[in-house]
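Asks: Sequential numbering from 1 applies to the sequence shown in full-length UniProt numbering. Where a beta carbon is used, it is the ideal one built from N, C-alpha and C, also for glycine.
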Amino acid sequence: MSSTGNMGQSLLSGLLAATSPPPDEDNEKLTHFIVTTRRRETAEKLRQLHNEDRHRLTIYTSENNLPAIRESGTVILACRPGDLDGILNTEGLRVELSKKLVISVLQTRTPQEIVDALNDRVQVNGQATNLVPTVVRALPNLAAGWRLSMTIIENPEPLPEERLAMVTWIFEQIGAVKFLFGDAFYAGAMLAGAGPAVMSIALSGMFDGCVEAGLTQAETIAIGHRMLLGLAAPMGRQHHLLQMRESAATCPKGPIIKTLNQIEKHGVRGLLADAMVEGISCFARESPSGVTRQGPRSTQSRFILSVN
Numbered sequence: 001m002s003s004t005g006n007m008g009q010s011l012l013s014g015l016l017a018a019t020s021p022p023p024d025e026d027n028e029k030l031t032h033f034i035v036t037t038r039r040r041e042t043a044e045k046l047r048q049l050h051n052e053d054r055h056r057l058t059i060y061t062s063e064n065n066l067p068a069i070r071e072s073g074t075v076i077l078a079c080r081p082g083d084l085d086g087i088l089n090t091e092g093l094r095v096e097l098s099k100k101l102v103i104s105v106l107q108t109r110t111p112q113e114i115v116d117a118l119n120d121r122v123q124v125n126g127q128a129t130n131l132v133p134t135v136v137r138a139l140p141n142l143a144a145g146w147r148l149s150m151t152i153i154e155n156p157e158p159l160p161e162e163r164l165a166m167v168t169w170i171f172e173q174i175g176a177v178k179f180l181f182g183d184a185f186y187a188g189a190m191l192a193g194a195g196p197a198v199m200s201i202a203l204s205g206m207f208d209g210c211v212e213a214g215l216t217q218a219e220t221i222a223i224g225h226r227m228l229l230g231l232a233a234p235m236g237r238q239h240h241l242l243q244m245r246e247s248a249a250t251c252p253k254g255p256i257i258k259t260l261n262q263i264e265k266h267g268v269r270g271l272l273a274d275a276m277v278e279g280i281s282c283f284a285r286e287s288p289s290g291v292t293r294q295g296p297r298s299t300q301s302r303f304i305l306s307v308n
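(1) Does the stretch 80–88 come close enough to the stretch 105–115 that 3 or more CB-CB pairs lie under 8 Å?
(2) Measuring alpha carbon to alpha carbon, tell me which of A218, S72, L66, L148 ends up nearest A232.
(3) Closest by CA to A189, which one among N89, L203, M276, T90?
(4) What did DSSP end up calling R38 once you bin it into helix, strand or coil?
(5) For M7, does the count of other Cβ atoms within 10 angstroms reach 16, so buried, or fall short, so exposed?
(6) Return the bridge partner residues of R137 from the DSSP annotation.
(7) Give the straight-line distance between the Cα atoms of S13 and L57, rounded to the nearest whole angstrom.
(8) Which residue marks the beginning of the alpha helix (DSSP H) containing E212, and which one marks its end?
(9) Short check: CB of S10 to CB of L142, under 7 Å?
(10) So, using beta-carbon positions, are L101 and T134 closer together than 7 Å?
(11) Given this structure, state the Cα-to-Cα distance separating A165 from P252, to the nearest angstrom.
(12) Give me the Cβ distance between A68 and I34, rounded to the nearest whole Å; I'm assuming they're in contact under 8 Å.
(13) What residues match up with I153 in a beta bridge as DSSP calls it?
(14) So does E154 have its beta carbon nearer than 6 Å to some heavy atom of the ligand NAD?
(15) Buried or exposed for L65, going by 16 or more other Cβ atoms inside 10 Å?
(16) DSSP three-state call for N51: helix, strand or coil?
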């Protein structure tokens, strides 16, 4: 996995936790993780953080990602989108990637763009070839580190059965998986990815109000945590949010009704809807949908994680 920042480290933490002993037959799908980073301090941080898994985690400090790719069965790209071309330009890397299952978690670079970056550049014995990898785009969120991610996987065309099984299995280890395409992919990815950030703003305002009214920060967080768990449970059973609101607001002149009236008066629900539509539109503009071609058918610290 070519990665930078929180998402890559969340994925690594979640996958290591999911595949830790005691092993079972399924966990044999991922037996070793190989990480490369350009910065020694990043490598040391990862060694300390994952010391208990040192027997199945190899960390290289190098600009050259080729050794890690060669030893891998699956490659996850999680670098900054602007760093991708530099990674793909590594001598010999394109031929190695053409043999792999490549999973991209880059939000604004489509599988088609990655294929196009490789297509017509891969050379074998000095001759151009259309040999390119299978590229799948999967967008988890930062809850991957706690194995609570909602991963949206773009599904433009059928994958070979064994590769579909591998992609699904990897991201099921860190949470839930949903396959979508086209407009639904952009909307689902924004809800899963931006949703926690948007909710954090709403929660922050609610918490500030409760602290002003007398709760401590610790009390607010503890109560808020249980409140969110209580909200999530009926949603998981397909209960509509409006039904839940009506069930709570049963007293005509009660405090819950007054609270909801204030929210409606200030147009908070419409503002949130507009914000999501704007984010989805921006995502679609920056990352136009395309069909993944398979084979001839068609500076922050970063680290490479290869899994096999």
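Replies: Judging by the given coordinates:
(1) Taking a contact to require three or more Cβ pairs closer than 8 Å, the stretch 105–115 and the stretch 80–88 qualify as touching.
(2) Translated into the one-based positions of the sequence shown, residue 232 becomes position 232. Of A218, S72, L66, L148, the residue nearest in Cα terms is L148.
(3) Counted from its first residue, the sequence shown places residue 189 at position 189. Answer by Cα proximity: M276.
(4) As a first step, residue 38 must be located in the sequence shown, where it is residue number 38. If DSSP states are grouped into helix, strand and coil, R38 belongs with coil.
(5) Reading the sequence shown from its first residue, position 7 is the one you call residue 7. Looking at its Cβ environment, which holds 16 or more other Cβ atoms inside 10 Å, M7 is buried.
(6) Taking the sequence shown and counting its residues from 1, the one referred to as residue 137 is at position 137. The partner list for R137 (beta bridge, DSSP) reads S104.
(7) Start at 1 with the first residue of the sequence shown, and residue 13 comes out as number 13. Start at 1 with the first residue of the sequence shown, and residue 57 comes out as number 57. Each residue's Cα considered, the two are about 11 Å apart.
(8) On the sequence shown, residue 212 is found 212 positions in, with the first residue counted as 1. Where E212 is concerned, the enclosing alpha helix (DSSP H) stretches over 183–212.
(9) Position 10 of the sequence shown, counting from 1, holds the residue named residue 10. Position 142 of the sequence shown, counting from 1, holds the residue named residue 142. One thing to note: S10 has its Cβ within 7 Å of the Cβ of L142.
(10) Taking the sequence shown and counting its residues from 1, the one referred to as residue 101 is at position 101. Taking the sequence shown and counting its residues from 1, the one referred to as residue 134 is at position 134. Between L101 and T134, the C-beta spacing is below 7 Å.
(11) The count along the sequence shown starts at 1 and reaches residue 165 at position 165. The count along the sequence shown starts at 1 and reaches residue 252 at position 252. Answer to the nearest angstrom: the Cα atoms are 52 Å apart.
(12) Walking along the sequence shown from the start, residue 68 turns up at place 68. Walking along the sequence shown from the start, residue 34 turns up at place 34. Going by Cβ atoms, the distance from A68 to I34 rounds to 4 Å, so yes, they are a contact pair.
(13) Position 153 of the sequence shown holds residue 153. Note: I153 sits in a beta bridge opposite A138, F179.
(14) In terms of ligand content, the structure shown is empty, and the ligand NAD therefore cannot be addressed.
(15) Within the sequence shown, residue 65 is the residue found at index 65, counting from 1. One detail in the question is off: residue 65 reads as Asn in this sequence, not Leu. By the 10 Å Cβ count, N65 comes out buried.
(16) Within the sequence shown, residue 51 is the residue found at index 51, counting from 1. It is helical.
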